[in-house]
Structure formats: C-alpha cells, structure tokens
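Chains A and R supply the protein sequences, listed in that same order. Okay, so the first sequence: first residue is 79 according to the numbering used here, each after it adds one. Okay, so the second sequence: first residue is 920 according to the numbering used here, each after it adds one. Quick notes on the structure that follows.
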Amino acid sequence: MLGWRKKNQNGNVISGDYSQSSLIDLRGIDKAYETEAGPFLALKELDLKVDPGEFVAVVGKSGSGKSTLINMITGIDRPTNGEVIVDKTPIHLLTEGKMAEWRGRHMGIVFQFFQLLPTLTIAENIMLPMDFCNMYKPNERYDRAVHLLSLVEMEEQANKLPNAVSGGQQQRAAIARALANDPPIIVADEPTGNLDSNTADAVFAMFEKLVNEEDKTILMVTHDNDLANRVKRKLTIADGEILSDEILEKVLA
Amino acid sequence: MRWKKVFRDLTSNLSRTILVVVSIAVGVIAIGMVLGSQAIVERDLPRDFQAIGPADAFAITFTNFDDDIVRRIEAMPEVEKAEGRRIISVPFKVDPNGDDWRNLQLSAADNFETMELNKVALEEEMAVPPKDGTWPPPEGTIVIERSALSPNLGFAGVELGDSITVKAPNGKERRLQIVGTAHELNQFPPQLAQTAYAYVSFETMELLSEPQEYNQLLFTVSEDFWAQYEFLNLSSEDRTELAAEISRVGELVQKEMEAAGATVLFVFAFPPGQLPTQTILDGISYLLIAMGVLSLLLSIFLIINTLSAILTQQVRQIGIMKAIGARTPQLTWMYFGLVLIFGMIALVISIPLGVVLAGGLSQLFATILNFNVRGFAFNWNVALVQAAISLIVPILAAIVPIVRGTRTTVREAISEQGVGKGQFGTSYVDLFVVGLKAIIPMMKRPAQISLRNTFRRKGRLVLTLVSLSLASLIFMSILSIQASMQQTLTESLGIFSFDVQTRFSRPYRIDRIVRQAELNPYVTSAESWGFAGARRIRPDDTQSGNIITYAPPADAETLNAIILKGRWLKSDDTNAIVVTNDFLRAEEDLTEDNILGQRITLNISGDELEFVVVGLARGAQPVAVAYVSLDYFERVTDQVGVAQFVAIKVDRDRLSQGPQTFSEQIQALTDPDSVVSTAPTIDELASQLETSYRDAGFRVEETQTIDLVNSILTLIYNIPIYFLLAMAALLGVVGGLGLMGTMSINVIERLREIGVMRAIGASDLSVLGIILLEGVVIGFISWGIGAILSWPLSIWLTRLAGTLLFSSAPTYIFSRAGVVLWLFIVIFLAIISSFLPARNASKVTVREVLSYE
C-alpha cells in the first residue's frame, strides 16, 4: 500500500504516500484513555522513526507509556490522533481481522510470560503462525520450525509440550515462534523480565545475533538498564513523551 | 463493603450471571412444569370424571332389550343403578355427492338430560337452536362429540348447522343436521379410536330403521357392595382387583339378563375411578416425572460446572482479598451469598414460567384425553419444591468449588500468570489425543488445538458430556424402540393375511357372505370365520375377562398365525384351541412353559365348553385372543353354516395407491379431475364392500381395513414414543445449554491464548473455527457414547415395552437412521451452542485480551 485516499473518523479526507517512510514511522501520536478521573494522555504528540537493522531498547518507569508505544507499533492498540506506518503500511487503519493477519506476516512478538499454547508441542507452536498466515508449503513447515529451533538451540525439545521445558527454554521457543514467518520486525515486551540473569543474558545474545546476522529490526521494552545500555539505540519514555533518544556508539565499537 | 463486591460481581458480568441463572432455572422450570401440570390434572380430571356418574360396568347384547329388563337389573340387590343405551356404528360422509365414508358411533338414550350414568353434556349449540331445543337432539338432528369434530375424522370444514349423510344399517342414506357439540369424558379419545362419536334421539334411530330398544346396559354396583371395602389410597393393582369383584356382579347381571331373554355378548367391568385412557395417562405421568427428575439431575451438573468455573476465575481476587485481611470463613460466606442470590433470581423466573408451562402441558393432556382444564394454577406445594431446589441445590453444588477456592493461599492465587489454564499433556488421554496427529496427518494445527482443548478441563468435559450423551442415548434408543415396535406390529398384524374385515350384527349363511364379497371385481377371496366373545372359567370358579374367540376354516388362506409353541389347528381337530400370549397375561396359573396340553373351560354364549391347548400364537392386538376349529365351533354354538365375520383379500396391485408424493397430493387437492386412476383405494373399496353388504340386506356392525387397524395401534403405541422424544429434546436443550456454558467458560479462561493467537496472525475466522470445532468435537463424542450405549439400552427397553404391549419378546431393530439423524442434530446443536462464545472470542481485540485477568 504505497498511496491511498481515505476518510478518517472525523470525516476528513486523509491521504498519504508512504513509499519514502522509515520501517517504523510514528507521526504525531496521541493516545488518550478515558478514566473515572477524566481523560488520561498516555502518549503525547509522539514522533518516532526506526530504520531496518536497528536494535532499539525502550525504557521508562511504570506508567510512562512504553507499553502503549509498543502496542501502537504492533497494532495491538490504536492512536487517538496521528499515524502509525510500519513497513510502508498505515496499520492504524486496518480492521482487527486484517491487522491480525498483517501482524502475523510482518511482525514477531515476544511476550514477558512466553505465552506458548499449552496444548501444542514446541514445534507445533512455531508452525502455528505459518498455518494462520498460510506461509511456506505445509510439508516445509516442520523443517522450518526445527531450523528456527536450532537457531535458539532448542531443536532437541521440538516435540515436547511447553510445560515439559523450563521458563528460559519456553522464551527461546517464543523467540523462534516470533521468527516463524520471517518478519522484518521483532517486538519484545519485557522478554527477560521473567528469567534469571544467566538466561536473560542468553536471550539477549540471541536478539543481538538476529540483528547482526539475520538483519532483523528489534524493539525491546525492558526495565533492565544494563541490557538497555548494550543496544544500539535507547529510547527513554516519561509521561507519554520521548525524554531521550540516545545512540549508544560504544556498542557499535 | 464486601456485599457490595458480591453485587458488583453479579452485575459486572451480566452474561455470566445469566448463564448461571439459566443453568439453575432449567431444572426448576422443568420440575415446576411437571409437578404443576400433574396438580392441574389431579385437580380437574377426577372432578370431571365424578361429575359424569361413571358406570362400573356395561353389558353388550346380541339381542335388543327394553326398559323391563333395565328395571329388572336395577332391582337386583347387587346393583345400584342401571340404564340402557342403543349404540350403532354407521358410515358417514360430509359431501352428499362424495365417496369419503368415515366411521361414526351413534348413541341414543331415553333422555340425555336426565341420564345418570356416563353422562353426556351439551357443549355448544347453533346461534339459532331448533325450535324443539338442541338437547336431547330433535328428530333428524345429531350432536357430535366435541373432540370428534376434526378434519382427520372426516369433519373437514363442517360447522354447526351443516348436515352429514349417514348410512343406516339397512343401507339407506339419511341427511342429519348437526345442531350442537357435546362432551363425553368416558369415551376412548376419538383421535385414537379413529371413530367419531355422536348422539341422537330414539326418533332419529327410528328414521335409520333401528328399533327403539337398547343393546347396551350400563350399571353401577350397590352401596352395600362397596361397603365391604375400605377405600384408602387405591393403587392400580387394588383397582384391578376391584374390577374383578365388579366382574362377579357382572356375571350375575349377565345371568339375570339372559334369564329375561336377552343374549349377552360380554360384560366389561372398569376398575373404579379409572378412565378408559388411564393407562395412557399413567404412562405419560411416569414419563413426565422421569423427565423432570432427569432434567433436574442434569441441571445440577450444569450448576456445578458453571459455579466451579466462576470460582476458578475468582481465585486471583480471593488471593487479593486474603492479602488485605479477609479470613477464609468471611470469603466462604460471601461466595455462598453470591450463589444464594443466583438461586433467588432463578426462582423468581422459574415460578411464573413453571406455572405457564404447566398450564400448557395440562392443556395438551386435556386435548389428548378430552377433559376440561380450568385455567392456570399457582400451587404452593409446587412452588415450595421449586424454592427448595433453586436455593438448596446450587448451595450443595457450590460447596466443593467454594471451599477449594477460598482455601487457596495468597501465594498460589496471585502467582497464576500467562496462558495454560487447564492441565494438558500429562494423562494417557492427552497423550492419545496428541498421538492422533500421527493417525490423521492431514489434521491442521487449528483443528489440533480444538481437539486438544476439548480434553483440557476433563471434569468439565465429563459434566458436559453427561447431559449431551444422555440426550443422544435416549433419542437413539427411542428411535430403535419405535422401529422395533413398528416391525413387531407389522409382523403381528401379518398373521391376518387379509385386507378388509367386516363384522355383522347377527349371523348369516357363510356362502351368502362369501358370494356377496366376491361380486366385487377387486376381491380375490373371502373367508368367513366363526367369532364369539368368551370367558375362561378358572379352576377357582372365577371368570376371566373377555376373550375374542375366532374360528377360522381349516387351511384358512386369510390367517397366517405365528406359532410360538406347539402347533396350529388341524382339520380333524375337535376341541383343540390355540391361544395368544395376550391370553396368558391375564391368567396367572398359565405360563408359556405349562400352557401346552392344558385343559381350559370357556364360557361361550352361556355354554361351558372344555378345550385342550395345542398351540401358543403371537397376538396381534393387546387383547386376549383364542382360535378354535370352525367345524367344532359351529357344532357347539349351534351355528352350522352361518357366521358373523368375514375376512376379505383383495388384489392390491390393481388398487389405486392414492396420491403418494407431495406433488401428487397437492395436485389431487387442487385439481381432483387430474387423478386419472379409476381404481378405488383400499379405503374406498372397504366402503364399497360395506355398501354392497348393506344393499343386499346384511346388518353390518363394522368394516375395517387392516391398514386402519395398523394405524390405530401405531398411534396408540406412538403416544409414549412422542413423549420420550420430547424428553430427548428437553435433554438436548439442557445439554446444549451445558455446552454453551462450557464453551463460554472455556473462552473466558483462554482469552489470553486467543489473544496470543491473534498476535501471531490468527484471523477472526480462524478463532471462530477453533472454538466452533471444539464444540462440535464435544457433540461428536456425546454422539459416539450415546450410539454405543443405545444399542444395549434399546434392546432392553424394547424387550420391556414388548413384554408389556405384546406379552412376548418383540423383533428388535437397531435404528441406523436414528443414529445418523442424531449425528446431524447434535452437530447442529453444538454449532448453535458454541456460536455465541466463538463469536465473542473472535471479536475481542488483542489489547483487551492481553490486559485481561
């Protein structure tokens, strides 16, 4: 979708040409929630551009708006004002159903609590996004799942049910699932929040490998400042605004 | 404040509250409906029945009798009251130019207004009644029994003031004007008997060339007789015994009548206080009680299921409340309070709904059994039972989940995170389900999720399956029973290898009877049988009930008896007799094992004759039947060369089958000239035969086709079948509700998983499909369980029903059509039940889902 015309909720014709936009392009995002105490602005006129191959850490205190920001990028939530263009698609205009399918093809999500489906084996969990989005030939899907599991050193556990493996292993499997449809973007919400420090290090190393070797773009929400300081770019969010956007050169060095 | 939380819990999730309330209400409404309708029937039916002055017995005579004999019987010390009636069966048609003859039973009494036994009450008259009044019906007019005035008994489009054509026993036709409707409670329902009832005066009987004399005597036994007994709560066995006592008085009445010159065909005694339709009523009552208890039991499962799920969802909140100081007893009472409120809401809904449905159900009874219902009834006893059930049962059902839930520690309660509620993967069942992937490699991942999710909450699955499987089991069993009964009935009626039977009111020469029948070009053969009512004189000198005794000719073509034991009659037999298994039922001293070779004494028309039993045959109708050799019968009854019964075989291939397909039926209705076939249908042929007998001067009592006998018996046997099917339908609804509850709870529990699936690319349709398929899998399992269990159950029930109805093991057929039909029904039911939860699941957004807890 490179050019289009459409009426927005207010009836105004809006149009855009996104062929020149960044991989992730947030333009003037406001997000307001209705609360009993009145409207609460979780994001305020926020602009953000992320280019392919970047590894971005999003940090901030509880309630700062970092999860809301991630939800905008994944299409899980919609802005009150502004535009969200991801991989040249204005995703804030997609219906829920279309959004789910688009997300399945273009974005991998890693959750804090792994969220593997307990009735499917590890390999089946990884094949599921391929099924949903009809990606890869059916007879290739298992081999791809095992290949992805080998990337996260989990191929031995392919045929086990999730509750038969440890939390760290479940998170590795969740990362493999996020890669199932080979999406350009991985979004991880506190991926190490539920892991011990050794396992957290291993998971982080895996993300670095994905950026450096697989050319993925990763956005990671974290509370862990040490981890945040190891990435290329660190966004600090406070009161719904980007407080700082730092390029951490030392990592590159 | 904590009660505020309870009320918020009620209102914050309205659909959940509705689900619990409906779960409780289903059983409570069913109980209210069943008990309420029984209370109405018990209130109205006995009162109606006592009001008609029911006769204790009646005698049917061969010969006519007058008031002198009635007074003579009434003077007997054993008799309280006696009245005479004249009852004749005649054909009638509505269209004077048409040929659609139907059955009508005409009753005449001295005065319908002053009669005291089996009273008939005028129900409705014309806007402008005849100048002599409507009741008793003036000469040339007729009053029809109200429930008979229906299209399927031949009264289509007939209104008061219209006339019908009646063919008198001598063959002459008369137009009689319908001037009113009447109500006679003491008749077998016309719809079941396939005969309409009507009332005329003796003047009208004379118009039909009938004498102003009686052929039926009704009587009640004296107060002195009843004084010997103390009436408490009579069981049906007590009533049967009392009927036997009344029969003894009946024998005395018979002797007295015969001494006065009347020939009595038989005397029927009724169990006191028992309607002609009592057996049907009792059967339906038992079924309804069973239905009520069953739906209550299933509703208990439903309640346990729903409450357990709700409390599971509350575990986290319980943990939080404990963390801020709540003690376990406080929480326990809070949740019992919540359950009590659910029960109270259900009660408030169930009482009025139960009353309305009880009114509807009793009205259905009233229509079938032809009595009056005097409106809805609020019954305190029924309401108390409903209150007890709706308040106590949910509390009992909630004990385990509440105690388990409130005992959860704070740490356990707040540590629940992420997906994965409902253990899966540890049991053998789970491993088997996972292993199915190897057996069905084509099964896609979403289908695998559906299948495996089915087995995650095994307790919940079992509770859901109980009601659905029961519905499946009962439905499929019933259809097998029905198929078996129909087959047995067809086989039983197969012993009559003729198509039309005619009974005459007096004996005629056999060669005349046969010749007259064979004049009709469609008749292939006709055989006259001897026919008489008989009673067995038992070793203790008591007499049995009426036994229909046929004497077919040797090597009869029209009879094809199924011999269960011993042999059929031979041409050189003298006093040999073959009895049916229905005969054995009433004779305690005779069994299938000892019957052969027994010497039994029968009272036939006043003569006591001894017979030797040579065979046991399968009965066709639920009445005692015996067969004796015609030569011997003619000799002993002094009726050589004459008979009162003819069995006629016709060439069915040459008969018109009538419009068969739906389009043919429509065409026949809209354009009667389009029917080119000039051949009569079997009913038209029967009517032609009867007319030809009457025209030739025969006095015809009744002409029936075997098809009609078959359809009457099928209808009677089908009444309990229909109620059982209604029971299966109710169970299906309860099962469907249970499934809907289970699926809703499953969806609520798995919202997070659904959210994850949405996050990794599942479309609305995928999510909808996964949930629907899970519901269908549950429906399919219940179908499998039901189908397997229905085989032994239907064999057992068919035997039981067969023993009751046919006095022998019937032919068993497993209804494959029933199994296939229920598969479609249950899958449809599963889709309907799961659709709402599935749709809800497919509509939630990922953000809502992932923030859900």
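Every residue, glycine too, gets a C-beta built ideally from N, C-alpha and C. Small disclaimer: the values here were computed from a predicted structure and weren't measured.
Are the beta-carbon atoms of residue i and residue j separated by less than 8 Å?
{"i": "Ala-958 of chain R", "j": "Asn-1289 of chain R", "result": "no"}
{"i": "Val-1544 of chain R", "j": "Ala-1495 of chain R", "result": "no"}
{"i": "Ile-1222 of chain R", "j": "Gly-1324 of chain R", "result": "no"}
{"i": "Glu-1064 of chain R", "j": "Glu-1103 of chain R", "result": "yes"}
{"i": "Leu-1509 of chain R", "j": "Leu-1503 of chain R", "result": "yes"}
{"i": "Ser-1713 of chain R", "j": "Ser-1399 of chain R", "result": "yes"}
{"i": "Thr-1060 of chain R", "j": "Pro-1049 of chain R", "result": "yes"}
{"i": "Val-1292 of chain R", "j": "Asp-963 of chain R", "result": "yes"}
{"i": "Leu-1226 of chain R", "j": "Ile-1308 of chain R", "result": "no"}
{"i": "Asp-1418 of chain R", "j": "Thr-1624 of chain R", "result": "yes"}
{"i": "Met-1176 of chain R", "j": "Arg-1005 of chain R", "result": "no"}
{"i": "Gly-143 of chain A", "j": "Gly-271 of chain A", "result": "no"}
{"i": "Arg-1364 of chain R", "j": "Glu-202 of chain A", "result": "yes"}
{"i": "Leu-1126 of chain R", "j": "Gly-1003 of chain R", "result": "no"}
{"i": "Val-1047 of chain R", "j": "Leu-1025 of chain R", "result": "no"}
{"i": "Ala-1453 of chain R", "j": "Thr-1477 of chain R", "result": "no"}
{"i": "Leu-1483 of chain R", "j": "Asn-1500 of chain R", "result": "yes"}
{"i": "Asp-125 of chain A", "j": "Gly-106 of chain A", "result": "yes"}
{"i": "Met-284 of chain A", "j": "Val-224 of chain A", "result": "no"}
Residue i: buried (16+ other C-beta within 10 angstroms of its C-beta) or exposed?
{"i": "Asp-1014 of chain R", "result": "exposed"}
{"i": "Pro-240 of chain A", "result": "buried"}
{"i": "Ser-97 of chain A", "result": "exposed"}
{"i": "Ser-140 of chain A", "result": "exposed"}
{"i": "Lys-1489 of chain R", "result": "exposed"}
{"i": "Pro-269 of chain A", "result": "buried"}
{"i": "Lys-1762 of chain R", "result": "exposed"}
{"i": "Thr-173 of chain A", "result": "exposed"}
{"i": "Met-1361 of chain R", "result": "exposed"}
{"i": "Trp-922 of chain R", "result": "exposed"}
Where does residue i sit, in a helix, a strand or coil, going by DSSP?
{"i": "Phe-1502 of chain R", "result": "helix"}
{"i": "Gln-1197 of chain R", "result": "helix"}
{"i": "Glu-114 of chain A", "result": "coil"}
{"i": "Phe-1530 of chain R", "result": "strand"}
{"i": "Asn-159 of chain A", "result": "strand"}
{"i": "Ile-169 of chain A", "result": "helix"}
{"i": "Asp-108 of chain A", "result": "strand"}
{"i": "Trp-1448 of chain R", "result": "strand"}
{"i": "Ile-1097 of chain R", "result": "strand"}
{"i": "Glu-1511 of chain R", "result": "coil"}
{"i": "Ala-1426 of chain R", "result": "Just to set this straight, residue 1426 of chain R is Pro in the shown sequence, not Ala. Strand at Pro-1426 of chain R."}
{"i": "Ala-331 of chain A", "result": "With a pLDDT of 35 at Ala-331 of chain A, under the threshold of 50, the predicted position of this residue should be treated as unreliable, though the coordinate-derived value follows. Here Ala-331 of chain A sits in coil by DSSP."}
{"i": "Arg-250 of chain A", "result": "helix"}
{"i": "Pro-262 of chain A", "result": "coil"}
{"i": "Glu-1603 of chain R", "result": "helix"}
{"i": "Ser-1761 of chain R", "result": "helix"}
{"i": "Ile-296 of chain A", "result": "strand"}
Find the residues of chain A that neighbour residue i, judging by a C-beta separation of less than 8 Å, and give them in chain order.
{"i": "Arg-1371 of chain R", "result": "Thr-197, Leu-198"}
What residues of chain A sit near residue i, judged by a beta carbon separation below 9 Å?
{"i": "Pro-1365 of chain R", "result": "Leu-206, Asp-209, Phe-210"}
{"i": "Val-1811 of chain R", "result": "Residue 1811 of chain R is absent from the model: chain R starts at 920 and stops at 1772."}
For residue i, which residues in chain R fall below 7 Å Cβ to Cβ?
{"i": "Arg-181 of chain A", "result": "Ala-1678, Gly-1680"}
{"i": "Ala-251 of chain A", "result": "Here the premise fails: no neighbours, minimum Cβ distance about 13 Å."}
So with CB distances below 7 Å, who are the chain A contacts of residue i?
{"i": "Val-1765 of chain R", "result": "Ile-154"}
{"i": "Ser-1685 of chain R", "result": "Phe-210"}
Along chain R, in chain order, which residues have C-beta atoms closer than 8 Å to that of residue i?
{"i": "Glu-202 of chain A", "result": "Arg-1364, Gln-1367"}
Taking residue i as the query, report the chain R residues whose CB atoms sit under 9 Å from its CB, ordered along the chain.
{"i": "Arg-222 of chain A", "result": "By Cβ distance, chain R contributes nothing, its closest Cβ being about 14 Å from Arg-222 of chain A, past 9 Å."}
Three CB pairs or more closer than 8 Å across the region 195-204 of chain A and the region 1692-1700 of chain R: Segments in contact, no.
Validate contact between the region 1657-1675 of chain R and the region 1408-1423 of chain R using beta carbons, cut 8 Å, 3 pairs: Touching, no.
Three-pair Cβ contact test at 8 Å for the region 945-957 of chain R versus the region 1258-1270 of chain R: Yes, since at least three Cβ pairs between the region 945-957 of chain R and the region 1258-1270 of chain R fall closer than 8 Å, the two stretches touch.
The region 1616-1623 of chain R contacting the region 1185-1205 of chain R, beta-carbon criterion three pairs below 8 Å: No, because fewer than three Cβ pairs between the region 1616-1623 of chain R and the region 1185-1205 of chain R fall closer than 8 Å, the two stretches do not touch.
Cβ pair count under 8 Å reaching 3, the region 1196-1210 of chain R against the region 973-984 of chain R: The way I'd put it, the region 1196-1210 of chain R doesn't touch the region 973-984 of chain R; fewer than three beta-carbon pairs between them come closer than 8 Å.
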